[in-house]
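Those letters in the sequence shown? Residues 2 to 271, per the numbering used here, in order. We put the beta carbon where it would ideally sit given N, CA and C, even for glycine.
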Amino acid sequence: MAVGIFDSGLGGLTVLDAVSRRLPDVPFVYLGDNANAPYGVRDADNIYELTTAAVERLWAEGCDLVILACNTASAAALKRMQETWLPKDKRVLGVFVPLIEALTERQWGDNSPPREVEVKHVALFATPATVASRAFQRELAFRAIGVDVEAQPCGGVVDAIEDGDDILAEALVKSHVEALRRRMPRPDAAILGCTHYPIMQKAFQEGLGPDVKVYSQANLVAESLADYLERRPEFIGAGTETKFLTTGDPAHVANNATRFLRRKVVFERA
């Protein structure tokens with residue numbers, strides 16, 4: 002009864018690790034579109050095309066429910082997929098809503114009008130495509146009022162992480178944090194709006210300072226998924242095996258994934 006997890010590259014492994022710990026009896030099929038990463042510099046139509054193709058591949062593995070662990074895909078493609086493309090017997094969920102629910106301290110399914118919340122100044126670090134979509138601000142506006150969001154497009158960070166260049170990734174994070182703080186000197190909270198970024202969470206926290214609460218998505222998505230499956234068990238698919246698939250070179254991707262997860266991972270070609 003497998004659940005699919007999709008990411009443009011390796012960042013979604015942070016989500017996979019968390020959901021696997023939270024739901025140890027559920028098999029997961031992970032698909033990384035490493036051949037086309039990063040998505041953050043692509044236009045919305047291209048991201049939509051790549052994302053729908055990946056989701057169909059996961060359906061073929063028996064995954065009736067797919068998590069878009071890629072923030073860029075969630076921002077640029079999910080709403081269009083859900084409104085115009087998704088069959089009634091399938092579900093595709095994104096990663097923004099659990100994060101915003103945590104930020105605004107609202108329970109899942111709370112559809113009451115937006116209200117003021119404790120957090121007033123939020124720094125959003127994300128890919129250029131996610132920032133351009135304004136999807137985070139749109140979802141936040143459904144739940145909260147009076148929140149100032151300053152978004153920083155973090156060009157180059159995903160590429161450095163995918164290439165295993167931690168020194169460059171840390172330098173880029175430092176630069177992006179400094180750029181944001183020139184516009185918002187004292188954020189109350191910071192959102193790591195890309196599943197690659199938790200790998201650099203220490204660098205983000207150091208740049209922002211100890212008083213800024215940094216939200217990353219993996220554990221929040223895991224709790225949200227557990228709650229969803231408890232309420233909607235019919236969307237656990239027919240698949241029974243845990244698999245790791247990639248559109249890139251399986252050996253190269255497996256080496257980087259093993260470094261991320263600190264355990265051996267074997268990828269198959271998608």
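**Request:** Within its chain, find whatever has a CB closer than 6 Å to the CB of residue 171; leave out the 5 residues flanking it on each side and keep chain order.
**Result:** 204
**Request:** Assign residue 30 to one of two classes, buried (16 or more other C-beta atoms within 10 Å of its C-beta) or exposed (fewer than that).
**Result:** Using a 10 angstroms sphere on the CB of residue 30, the tally of other CB atoms reaches 16 or more, which defines it as buried.
**Prompt:** First and last residue of the alpha helix (DSSP H) that includes residue 137?
**Reply:** 136 to 142
**Message:** Can you tell me whether residue 192 is helix, strand or coil according to DSSP?
**Reply:** strand
**Prompt:** Would you call the segment 71 to 91 and the segment 37 to 55 touching, i.e. three or more CB-CB distances under 8 Å?
**Reply:** yes
**Own chain residues within Cβ distance below 8 Å of residue 140, not counting five before or after** = 97, 98, 101
**Asked** According to DSSP, what are the bridge partners of residue 68?
**Response** 6, 94
**Prompt:** Quick one: what does DSSP say residue 89 is sitting in, helix, strand or coil?
**Reply:** coil
**Prompt:** Of the choices 8, 68, 35, 43, whose alpha-carbon is the least far from that of residue 222?
**Reply:** 68
**Item:** Inter-stretch contact at 8 Å, needing at least 3 Cβ pairs: the segment 174 to 186 / the segment 213 to 227
**Value:** Verdict: no, contact absent.
**Asked** Which residue from 128, 129, 149, 130 puts its Cα closest to that of residue 138?
**Response** 149
**Through-space distance from residue 167 to residue 271, alpha-carbon basis** = 27 Å
**Request:** Compute the distance between the beta-carbons of residue 40 and residue 73, then report whether it is under 8 Å.
**Result:** In this structure, residue 40 sits near residue 73, with a CB-CB distance shorter than 8 Å.
**beta strand (DSSP E) segment containing residue 122, residue limits** = 122 to 127
**Message:** Between the segment 223 to 241 and the segment 13 to 28, can you find at least three pairs of beta-carbon atoms closer than 8 Å?
**Reply:** yes
**Prompt:** Can we say the segment 41 to 48 touches the segment 242 to 257, given the rule of at least three CB pairs closer than 8 Å?
**Reply:** no
**Prompt:** At which residues does the beta strand (DSSP E) containing residue 245 begin and terminate?
**Reply:** 244 to 247
**Asked** When the distance is taken between beta carbons, is residue 84 closer than 8 Å to residue 125?
**Response** no
**Item:** Which of helix, strand or coil DSSP assigns to residue 108
**Value:** Looking at residue 108 - three-state DSSP - the assignment turns out to be coil, as it is neither helix nor strand.
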